[in-house]
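Colleague: This structure is in structure tokens; I'll ask about it shortly.
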Amino acid sequence: MLSLCGVVVSLQQTILLPLLAELPRLLDTSASGASWLVTATLLTGAIATPTVSRLADMYGKRRMVLLALAVSVAGSLIGGLSQVLPLLIAARALQGVGMALVPVGIAIMRDELPRDRVPLGVAMMSATLAIGAGAGLPLSGLISEHMDWHAVFWLTGAVGVALMIGARAIIPESPVRTGGAFDVRGAILLSVALTAILVALTKGSQWGWTSPTTLGLCAGGLATLVAWVPLELRTPRPLVDVRVASRRAVLLVNVASIFAGFAMYANMLVSMQFLQMPKETGYGLGLDILHAGLWMVPNAAAFGLMAPLSASVTRRLGPQVTLISGAAIMAVTYLGRVFWSDSLTQVITGSVLVGIGTALVYSAMPTLIMRAVPVTETASANGLNVLLRSLGTSTASAATAAITTASVMTIGGHALPTQSAFTLIFWLAAGSATVTVALGVPMLRMREYSEEADRSGSEHTGADTQVVKGQVVDARARAIRNGVVTVLTRDGQAVDWGQADTEGRFTVAIPRAGDYLVVTTADGWQPRSRIMHLDNSAPLPPIALRDRLTLTGNVVDADGVPFVDALVVLTRQSGEVVSSIRTDHEGRYVMTRPANGRYVLSVAAREGQMGARAVTLLDTAYDVDLVLGTPLA
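Following our numbering, the numbering of the sequence shown begins with 140 at its first residue and continues without gaps.
What follows is the structure in structure tokens.
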């Protein structure tokens, strides 16, 4: 049911593309105006994905699936009844909200499926992004030939209603819900930033890439993102947990998703143009919309057929190998397409091979994300990943438009792209896939992606799953921010972990009430481990960290005589001063230990003696004694 929902909402992204050439005449508008019917769906999909995903983690995943479907159906209804451009743009914008359903569906699978079934479910759900997008092209061609073009809205609306009924009856509501207040400010700022950046990317080819409007939107979007990040770091329950997203294990996957999205969408864009370009260009195959769309069906089918294989590779070898293998297939295929794209067989074979590689990559990414984030962050973390894939596809669309309009030839009075333009796109896509491989290599050594780190298994399946909330404080009951709480069974098996927010509050998911080993750490504090009874029916007492970690030592001369009132300064290796203090009557200093990292400890005595030592600090107290030599000249 979830996969069917994913196919339908993804199909809405492309089902109107083959009609774009006719819509200016049908709606009495310009080509630029008609293009907003595609841009609106892209924008609302990008904006809704992180918002709906966070709401799913907070208030219920099935509830958000039904909400996304309901909004999408409302868009289909408005589109089916509309004849004017503004209402149709609004309809397409509402349809775009359905894209948020995909990461929420992945999160539901983690909550509900047994461990050995999760990779297949995730692979199928990830594949719906390409299956639906590929199916929309021939379906639109069939409708345009035999029915009124409004039928594209009536069809998706009718199917959406049926899916709402099926989802309500079949999909259980997840018990993993954190509650709390929604980050409205963060959602507004991120929406503004995404809108500015994506409009610039999608409209830059029409407005000009160096036009004041394009550059202004890019600058405004980036400036808003710069303001949004520190706001999220200060917000107790942020829309996007930047601290979790900046963890190396999560960051690598998210960056890789941008490049993988670029490589995936370049395949779809270029393959369709090869199929439809006139034969007079020397490389085009001259097919009409319907037949070009039908020849893209094997690409979409490859995603669905590859789901069992990608799931098997993930179970046997790990999601890192799945991602690297898929990206390598994409890179090699694109290199081959640079030299072999002269016939229908070569174009379709190349398109399908890239699709196979993309299927492997897309199936691995949600598993990698889920193994590196807490259970209570599953939907929002995957929402961010899907959003970044969309950013990659938008970049591919912008790059394709820029390159194909910069290198053209005139045939029959029409300016058409040259083959060298598409060759350059192949090179860029091969480079993007290669970067994805390079980002996947460090993942092989990271324990976050090991099977032991995967908490998506049967221990969190069923209605007994509970979400427990707590707070990390110091001995004076003051909140300790950014602490990490890890929950294990009494046998030492990982259950879940959570990161404390700016108020020291955290949430973790447990399979059932009982006694668990709770390990609490925070930068600059002595870690604490204890057996605690976790049960969401009773308040969890605050977890207190009482002992601050310190950096201490003695400053003496060569004969062991202490230097009194000597200045001790701790600086980062990048040059910033961290703290300073003077030694006591015994030549001893004690300062609060800073965050983990590499530092320089310097000492200056009144007698003129000086000294320095490089220090690498880890999660422990540290003693550094310094022996100073003769005074400086």
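Glycine included, C-beta positions come from ideal geometry on N, C-alpha and C.
Could you give the distance in angstroms between the alpha-carbon of Asp380 and the alpha-carbon of Ser559?
Modeller: Between Asp380 and Ser559, the C-alpha separation is close to 43 Å.
Colleague: With a floor of 4 residues, list each alpha helix (DSSP H) that falls wholly inside the region 185-226, ordered by position along the chain.
Modeller: As far as the region 185-226 is concerned, its whole alpha helix (DSSP H) runs of at least 4 residues are 200-220.
Colleague: Taking C-alpha atoms, which residue in Ala195, Leu206 and Ser221 lies nearest to Gly319?
Modeller: Among Ala195, Leu206 and Ser221, the Cα nearest to that of Gly319 belongs to Ala195.
Colleague: Note down, one range per segment and in chain order, each beta strand (DSSP E) of at least 3 residues found wholly within the region 610-672.
Modeller: Fully enclosed beta strand (DSSP E) runs of 3 or longer: 623-627, 633-638, 644-649 and 653-660.
Colleague: Can you look up Val250 in the DSSP assignment and give me helix, strand or coil?
Modeller: First, the residue type needs correcting, since residue 250 is Asp and not Val in the sequence shown. Helix at Asp250.
Colleague: Kindly identify the DSSP beta-bridge partner or partners of Met548.
Modeller: Answer is Leu555.
Colleague: Consult DSSP for Arg164 and reduce its assignment to one of helix, strand or coil.
Modeller: DSSP places Arg164 in helix when its eight states are reduced to three.
Colleague: Whole angstroms are fine: how far does the CA of Thr755 sit from the CA of Gly692?
Modeller: Roughly 15 Å between the two C-alpha positions.
Colleague: Could you give the DSSP three-state label for Met585: helix, strand or coil?
Modeller: Met585 falls in the coil class under three-state DSSP.
Colleague: Measuring CA to CA, which of Val707, Ile670 and Ser589 is closest to Asp654?
Modeller: The candidate whose alpha carbon is nearest that of Asp654 is Ile670.
Colleague: Could you give the residue range of the alpha helix (DSSP H) that holds Val394?
Modeller: Where Val394 is concerned, the enclosing alpha helix (DSSP H) stretches over Arg387 to Gln415.
Colleague: Taking 9 Å as the threshold (C-beta atoms), are Met582 and Ala498 in contact?
Modeller: Contact: no.
Colleague: Which residues mark the beginning and the end of the alpha helix (DSSP H) in which Ser480 is found?
Modeller: Premise fails: Ser480 is in no alpha helix (DSSP H) and is neither H nor E.
Colleague: Take Arg231 and list the residues in its own chain whose beta-carbon comes closer than 6 Å to its own, dropping the five residues that flank it on each side.
Modeller: Same-chain partners within the cutoff: Leu176, Ala179 and Thr180.
Colleague: CA-CA distance, Leu141 and Ala540?
Modeller: Whole-angstrom Cα-Cα distance: 34 Å.
Colleague: Alpha carbon to alpha carbon, how far is Ala339 from Cys357? Give it in angstroms, no decimals.
Modeller: Taking the straight line from one Cα to the other gives about 6 Å.
Colleague: Apart from the five residues on each side of it in sequence, which residues of its chain come closer than 6 Å, Cβ to Cβ, to Asp764?
Modeller: Taken in chain order, the residues that qualify are Gly692 and Asn693.
Colleague: For Leu765, write down the residues that DSSP places opposite it in a beta bridge.
Modeller: For Leu765, which the question treats as bridged, DSSP gives the partners Val694.
Colleague: Just the Cα atoms here: how many angstroms apart are Ile154 and Leu208?
Modeller: Spanning the two alpha carbons is a distance of roughly 17 Å.
Colleague: Could you say which of Val607, Val547, Asp635 and Ala362 lies nearest to Arg644 if we only look at CA atoms?
Modeller: Checked all of Val607, Val547, Asp635 and Ala362; the closest Cα to Arg644 is Val607.
Colleague: Just to confirm, are Gly423 and Leu414 a CB contact at a threshold of 9 Å?
Modeller: Closer than 9 Å, so yes.
Colleague: Thinking C-alpha only, which one of Val512, Thr190 and Thr484 is nearest Leu526?
Modeller: The option with the nearest alpha carbon to Leu526 is Thr190.
Colleague: Just the Cα atoms here: how many angstroms apart are Pro513 and Gly489?
Modeller: The alpha-carbon atoms of Pro513 and Gly489 are separated by roughly 38 Å.
Colleague: How about Asp613 and Ala683: do their beta carbons lie closer than 9 Å?
Modeller: Yes. Within cutoff.
Colleague: Give the secondary structure of Ser502 by DSSP, where H, G and I count as helix, E and B as strand, and everything else as coil.
Modeller: Three-state result, Ser502: helix.
Colleague: With a threshold of 8 Å on Cβ separation, who are the neighbours of Ile247 within its own chain once the five nearest residues in sequence on each side are excluded?
Modeller: Leu141, Lys200, Arg201, Val204, Ile310 and Ser313.
Colleague: How many whole angstroms separate the CB atoms of Pro681 and Ala639, which I take to be in contact at a CB cut-off of 8 Å?
Modeller: The Cβ separation is near 11 Å, so there is no contact.
Colleague: Work out the CA separation of Leu555 and Ala301 for me, nearest whole Å.
Modeller: Approximately 43 Å, taken between the alpha carbons.
Colleague: Do the CB positions of Thr641 and Thr453 come within less than 9 Å of each other?
Modeller: No; because the gap between Cβ atoms is not below 9 Å, this pair is not in contact.
Colleague: Under the assumption that Val739 contacts His724 (Cβ atoms under 8 Å), give the Cβ distance between them as a whole number of angstroms.
Modeller: Their Cβ separation, rounded to whole angstroms, is 26 Å, which puts Val739 and His724 out of contact at 8 Å.
Colleague: With DSSP as the reference, label Leu757 as helix, strand or coil.
Modeller: Leu757: coil per DSSP, three-state reduction.
Colleague: As a quick exercise: from Leu220, Pro678, Met403 and Arg732, pick the residue whose alpha carbon is nearest that of Leu86.
Modeller: Residue 86 falls outside the range modelled here, since the chain spans only 140 to 772, and no answer is possible.
Colleague: Kindly confirm or deny that the region 534-553 and the region 435-445 touch, where touching means at least three C-beta pairs closer than 8 Å.
Modeller: Not touching, per the Cβ criterion.
Colleague: Output needed for Gly305: all residues of its chain with C-beta closer than 7 Å, excluding positions within five of it in sequence on either side, in chain order.
Modeller: Within the same chain, Gly305 has close Cβ partners Met140.
Colleague: The beta strand (DSSP E) with Met730 in it runs from where to where?
Modeller: Arg727 to Thr731 is the span of the beta strand (DSSP E), which, as asked, contains Met730.
Colleague: Can the beta-carbon of Ala511 be found closer than 9 Å to that of Val392?
Modeller: Contact flag set, yes.
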